[in-house]
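Asks: First the structure, then my questions, so here it is.
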Amino acid sequence: MRKESFLWFALASSFIVLVFITVPLLRMLSAPSLASLWETICEPDVYRSIWLSLYTGISAALICFVFGTPLAYLLARSQFRGKKIVEAIVDLPIVIPHPVVGIALLGLVGKNFWLGRVMQELGIRIVGSPSGIIMVMTFVGLPFYLQAAKEGFASVSPRLEHVSRSLGASMFATFIGITFPLAWRSILSGIIMCCARAISEFGAVVIIAYHPMIAPVLMFERFQSFGLRYSQPVAVWLIVVCLLLFISLRLVGRSSKKINIGSRR
Amino acid sequence: MRKESFLWFALASSFIVLVFITVPLLRMLSAPSLASLWETICEPDVYRSIWLSLYTGISAALICFVFGTPLAYLLARSQFRGKKIVEAIVDLPIVIPHPVVGIALLGLVGKNFWLGRVMQELGIRIVGSPSGIIMVMTFVGLPFYLQAAKEGFASVSPRLEHVSRSLGASMFATFIGITFPLAWRSILSGIIMCCARAISEFGAVVIIAYHPMIAPVLMFERFQSFGLRYSQPVAVWLIVVCLLLFISLRLVGRSSKKINIGSRR
Amino acid sequence: MTIRIENLVVDLGSFHLRDINLTLEPGDFFALMGPTGAGKSVLLEALVGLVPITGGDIFIDDRKITNLPPEKRGISIVYQDYALFPHLTVLDNIRYGLRFHLHEKGAAPIDDLVGRLNLNPLLQRYPATLSGGEQQRVALARALAVSPDILLLDEPLSALDPNFRQDLRAHLKSLHQASGATFLMVTHDFSEALSLAQRAAVMNQGELEQVGGIEEIFCRPTSTMVADFVGMKNLFKVEFSGSMARVAGLEIKVGREAEGLQGYVAIRPEDLILSKEPLVSSVQNSFAGSVAAIRSHGFFYEIDFAVNSLIFTAVITNHAFFDLELAVDDGFFISFKATAVHLL
Amino acid sequence: MTIRIENLVVDLGSFHLRDINLTLEPGDFFALMGPTGAGKSVLLEALVGLVPITGGDIFIDDRKITNLPPEKRGISIVYQDYALFPHLTVLDNIRYGLRFHLHEKGAAPIDDLVGRLNLNPLLQRYPATLSGGEQQRVALARALAVSPDILLLDEPLSALDPNFRQDLRAHLKSLHQASGATFLMVTHDFSEALSLAQRAAVMNQGELEQVGGIEEIFCRPTSTMVADFVGMKNLFKVEFSGSMARVAGLEIKVGREAEGLQGYVAIRPEDLILSKEPLVSSVQNSFAGSVAAIRSHGFFYEIDFAVNSLIFTAVITNHAFFDLELAVDDGFFISFKATAVHLL
């Protein structure tokens, strides 16, 4: 029957897609032996690079949270001319080729441009430093945070804010007491997505800072110098550590989540 | 007044975010002189790499379209056990560090694994070939296409499909005649996002195929060998070509869009 | 066409349709009524084939359609929200089903339908530019263009502006006569059914409570749920003795012997008369009591009136309300004819 | 507190409020009525300070609040959808406003409010676990906890199940008396206003059509729009001569001399009587005509009745409908008293 063949076709191609995504990852996770995993994590280069990845990625996500939240709120709440343009700008970092991101940021803070020279004279080092890595990561992570936070704010009814204000709360008190707690789940998802995207970045970071090495750069170097087998264990560790981080973030967010769940029963 | 200081703070940090995204890009676009731009595009290496980027990126987007559309439709329409897991799997390629993607795929099709050896004996070359690049790009682009297509399908009321079937159309005829045309705008956006993401990839591609060089790899190499100044013009050309591609895709989609606009007046 | 539903069972998680048995005769205009959540729409979707059936069978004449896909059943549906295809013109919407029916019956009478529903001026427009009433008419034309054996109507009037309702009622009646199809209409509003259907069923919690002629259901409800549904708000459990019914110390004249019944009386709120003096006669009941509550409903007031421990609900016009100068706790008399008392 | 709205003008794209002048006396229960889209909610939001005001002023007593932010106005609002804070318990919802009012008036009478609205058993629950009626009561308590000068109610009854309405009406009346605040209620339903408010205004297309006592508006509408809104469906342009009104060849007895009026008569549909024989008397009008249309509305039928070129709309009970055996095009008589004719 035609109906069935259509369904079978849909199921078959869905299966192909899922296999295509999962099998390489599973193969990679299972390739290194436990011994080589243990050996790898004991190398100072490896655990330092993973720590650097985590620390810069989290910093980038927090910067996005601090500076991006007001913009996300404005985009969710207000209508203004040029809003479409602002939204397009905010999405740009997703579509810009990664080395181009690095090249663009280096063009600004490198020594070929006055800003870079001014910073150099002030003793602020961006190129080849954790702050440079954080800057790049913030750039590529921003759209993911903004998108999630915007959706979170949009899902809070403006009437709740209106009522809060009519009860005597200022705009700021309303944001802190009503809007933010209700959007918190989406904001936390946004922080996690942003952090994940930041830690996954390679092409842009490698331009601004080959050293100190974040984990993806270390993997790349090991792959170039020693081959596939030596890069796989690092990849496994990075993925495991990221998973632990994201799960614990979700659990921390759970205490505040409970209230929301209660409210939606 | 408190109200105003809150607003000013929000506007100020929004402004900072927008400046942070736009200024590096504008600076990069304006840095190379017209002469150096012209010189650059005349180099065979450059135009070949841009052409390769375009051709592999578009191929990846089309593969996502063909194989991803049924999965997106199933995710939008049906409820089943483990749906959350499938959705999480589908998002994985966004959060996996880019070199890890390359390493994982290489682990499957490289000569260390039976699949890679079988393919080598059959004469299918993945590593260092356009097909390998397309594979990597498909992997990183899939979530973007699936997300957009899923939303597009979800926005088509199931009642329209029910009516179509009660009027005598089979499941397949309903999909072709009703669901697909109504979701077409979102699908096109998904194809464009997927293509953009594919062309922007660097870290995963460079592991599977340093040669033939896609544009981001070429930029990276020029940056490594000759410095910032020699990589900027290539970046400008890549961005310009991508912009032209996406705008023309939108225009091609316009003819079918008209109908949708008409229906939403 | 005769439609027979036999012992139909549907399980949808926590919701069930149990043992539905229903036969629609050729050319029926049948109303399926019941409160929201009774399972009316589920039964509709089971007929179209959009909901999995756990047990039982559906026949059209003697063709068993229980396991056929929706496109093979010959059952059209018109949804409450019209569900027009937004990317097609009105004409293409109406024509949509024809290409799948080319092998049958020859050319369908599209022109006749379009003319009958006054759709000629709209044919080149898109659905989003139409008013609710126009959309509804297009949806009807689309559903009838394929000459279905049965047309299902999901609350056809409820989403319409009151001004369009009369118009659509007239169209529905004329289409029903012209097409010869069996119409099955779902509604939660008894008055809608009253104005259109000849036969009806009342559904409650996934089961059919009563099936019969529309006036029969209105005048002789067989269960307390149906009595309540058709607006007999004053429903009391009584003890019959001769031509009297006793409840809460009151003796209610019911005008005839009650036998083999469940022991309920029901009185329509509009049959109750409030007055300052008792209206006593041999065929009339009249009791003293006091106003318990007053509710305004547009043209009318609904009055809760306490007699001993019974609460009667009466409906009076705004006009009578101002005349009587009603207020809560005021003492009045409530009267109703023995013939207005329905025995269950 | 006295609220004065002076020449208020609001521009919202294509929608305008024009020259609104309205004074609410201390302790008023005022109803702002009008059809959907008349601008009632916009006026409410302008009072709260959520909509930019183009011109005019708002005063509470002699305090000008036109340019104050919402939190400084002392105006509370209860929305139709309750808008409870979902992440706070009922108690925290009610207490929410208090911390911003610590410096004023001492402790607010929360306990009294909670008791009066029977909220004690609900205090630790979250809003999503409450029924509509309970949510509405919490929203009222929250709004009144800050002792506002004015309480705005946005269609307070329309989203409620009919069973809860009576309950909430009683609560509203008692709260109004206890709090001493001025209540301003918006509604599109005249009967809602009739059951709660003392004074009212009818709004239409951004302007106030009539302001006055609620019964005055009901009985003596000053414009055709208001007459239509309060249910006087039979509105005819006539020529007065003595105590008669002439229209379409009919002479209608109106019982008194008409002077200085716009030349309209209005008759409530429930004041019209349909009968098989004419009901002639010196104070009664009776005309022969035929049934033009029949519409069923729950307990009642609305009948369009043609007399010459005039269409009268009458409302009769289902009972009378079955008694008269009405059908379209049947000839009947329509009668109404001279005193039922309102002159405009």
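Protein chains in written order, with the numbering used here: chain A, 1 to 265; chain B, 1001 to 1265; chain C, 2001 to 2344; chain D, 3001 to 3344. Ideal Cβ placement from N, Cα and C applies to all residues, glycine included. As the structure is a prediction and not an experimental result, all values here were calculated from the model.
Classify Thr174(A): buried if its beta carbon has 16 or more other beta carbons within 10 angstroms, exposed otherwise.
Replies: It counts as buried.
Asks: Can you pull the chain A residues whose beta carbon is under 8 angstroms from the beta carbon of Ile3075(D), in chain order?
Replies: Ser166
Asks: Quickly, what does DSSP pair Arg3165(D) with across the bridge? List them, please.
Replies: In the DSSP output, where bridge partners are listed per residue, Arg3165(D) has none listed.
Asks: Quick check on the DSSP output: what are the complete beta strand (DSSP E) runs of length 3 or more inside the stretch 3001-3047 of chain D, in order along the chain?
Replies: 3003-3012, 3015-3024, 3029-3033, all fully within the stretch 3001-3047 of chain D.
Asks: Just checking, does the stretch 3317-3336 of chain D make contact with the stretch 3200-3213 of chain D on the three C-beta pairs under 8 angstroms criterion?
Replies: no
Asks: Alpha carbon to alpha carbon, how far is Leu37(A) from Ile1214(B)?
Replies: 33 angstroms
Asks: Measure the alpha-carbon distance for Thr1056(B) versus Leu142(A) and round it to whole angstroms.
Replies: 27 angstroms
Asks: From Gly3263(D), Ser3281(D), Ser3286(D), pick the residue whose C-alpha is nearest to that of Leu3272(D); which is it?
Replies: Ser3286(D)
Asks: Starting from Ile2058(C) and walking both ways along the beta strand (DSSP E), at which residues does that stretch end?
Replies: DSSP places Ile2058(C) inside the beta strand (DSSP E), whose first and last residues are 2055-2060.
Asks: Evaluate contact between the stretch 2166-2173 of chain C and the stretch 2139-2157 of chain C, counting only Cβ atoms and requiring at least three cross-stretch pairs below 8 angstroms.
Replies: yes
Asks: Would you say Leu2050(C) faces chain B, with C-beta separation under 8 angstroms as the test?
Replies: Output row for Leu2050(C): interface = yes.
Asks: Are the C-beta atoms of Asp3081(D) and some chain A residue less than 8 angstroms apart?
Replies: yes
Asks: Between Thr3339(D) and chain C, is there a C-beta pair that is closer than 8 angstroms?
Replies: Among the CB atoms of chain C, none fall inside 8 angstroms of the CB of Thr3339(D).
Asks: What's the C-alpha gap between Arg1165(B) and Ala3128(D)?
Replies: 38 angstroms
Asks: Taking the beta strand (DSSP E) that Leu2250(C) belongs to, which residues open and close that run?
Replies: For Leu2250(C), the enclosing beta strand (DSSP E) covers residues 2250-2253.
Asks: Closer than 8 angstroms, CB to CB, is Glu2270(C) near chain D or not?
Replies: yes
Asks: Going by the CB atoms, is the gap between Ser200(A) and Val1095(B) shorter than 8 angstroms?
Replies: Yes, Cβ-Cβ distance for Val1095(B) and Ser200(A) is below 8 angstroms.
Asks: Are there 16 or more other CB atoms within 10 angstroms of the CB of Gly3249(D), so buried, or fewer, so exposed?
Replies: Around the beta-carbon of Gly3249(D), fewer than 16 other beta-carbon atoms lie within 10 Å, marking it exposed.
Asks: Closest to Pro2026(C) by CA distance: which of Gly2132(C), Leu2274(C), Phe2183(C), Ile2110(C) is it?
Replies: Phe2183(C)
Asks: Which runs of the alpha helix (DSSP H) fall wholly inside the stretch 1173-1234 of chain B and span at least 4 residues, in chain order?
Replies: 1180-1200, 1203-1208, 1215-1226
Asks: Return the CA-CA distance between Gly3132(D) and Asp3081(D), expressed in angstroms with no decimal places.
Replies: 9 angstroms
Asks: Which residues in chain D sit within 7 angstroms of Thr1987(C), going by Cβ to Cβ distance?
Replies: The structure shown does not extend to residue 1987(C), since chain C spans only 2001 to 2344, so no value can be given for it.
Asks: In this structure, how does DSSP classify Ile103(A) when only helix, strand and coil are distinguished?
Replies: helix
Asks: Quick check on DSSP: helix, strand or coil for Asp2189(C)?
Replies: coil
Asks: By the 10 Å Cβ neighbour count, where 16 or more other Cβ atoms means buried, how is Thr3339(D) classified, buried or exposed?
Replies: exposed
Asks: Verify whether the separation of the beta carbon atoms of Phe2336(C) and Ile2294(C) is less than 8 angstroms.
Replies: Against a cut-off of 8 angstroms, the Cβ pair of Ile2294(C) and Phe2336(C) comes out as no contact.
Asks: Three-state secondary structure (DSSP) at Arg1165(B)?
Replies: In this structure, Arg1165(B) counts as helix in the three-state DSSP scheme.
Asks: Would you say Arg2116(C) and Ala2178(C) are within 8 angstroms of each other, going by their C-beta atoms?
Replies: yes
Asks: What would DSSP say about Phe3333(D), mapped onto helix, strand or coil?
Replies: In this structure, Phe3333(D) counts as strand in the three-state DSSP scheme.
Asks: Since Phe153(A) and Ala61(A) should fall inside the 8 angstroms C-beta cutoff, what is the C-beta to C-beta distance between them, to a whole number of angstroms?
Replies: Not confirmed; about 18 angstroms, so no contact.
Asks: For the stretch 238-247 of chain A against the stretch 129-139 of chain A, are there 3 or more C-beta pairs whose distance is under 8 angstroms?
Replies: no
Asks: Buried or exposed: where does Arg2165(C) fall if 16 or more other Cβ atoms within 10 Å of its Cβ makes it buried?
Replies: buried
Asks: Would you give the residue range spanned by the alpha helix (DSSP H) that Ala57(A) belongs to?
Replies: The amino acid at residue 57(A) is misidentified as Ala; the sequence shows Gly. Taken as a continuous stretch (DSSP letters only), the alpha helix (DSSP H) holding Gly57(A) covers 44-77.
Asks: Tell me the DSSP secondary structure of Ser3282(D) in three-state form.
Replies: coil
Asks: If you draw a straight line from the alpha carbon of Asn1260(B) to that of Ala1198(B), how long is it in whole angstroms?
Replies: Reliability of the predicted coordinates at Asn1260(B) is poor, the pLDDT of 42 falling under 50, and no value is obtained from them.
Asks: Who are the Cβ neighbours of Arg222(A) in its own chain at under 7 angstroms, not counting the five residues just before and after it?
Replies: Excluding residues within five positions, the ones whose Cβ falls inside 7 angstroms are Tyr230, Ser231, Val234.
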